[in-house]
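Read the structure below first, then the notes.
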Amino acid sequence: MNGYSEIEREKSNLINATSISLEQLEKSKNETLYFEKQRAMNQVR
4 MNGYSEIERE KSNLINATSI SLEQLEKSKN ETLYFEKQRA MNQVR
């Protein structure tokens with residue numbers, strides 16, 4: 004594998020890893036919002 008294709012492979016791996024991290028962050032944020040909403044609703048009752 005030459006240097007250029009190695010760099011392209013690393014770039015692709017980094018993009019994929021970043022995408023997965025962002026998806027996990029979004030999922031975590033949505034879960035947090037859900038639990039905060041539930042907590043607020045329980046406090047109103």
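Residue numbers (my numbering): 4 to 48.
Where is the CB? At the ideal position from N, CA and C, for every residue including glycine.
- Message: For the alpha helix (DSSP H) containing N16, name the first residue and the last one.
- Response: 6-47
- Can you grab the Cα-Cα spacing for the pair L17 / T35, in whole Å? 27 Å
- Whole angstroms is fine: what's the gap from A20's alpha carbon to Q27's? 11 Å
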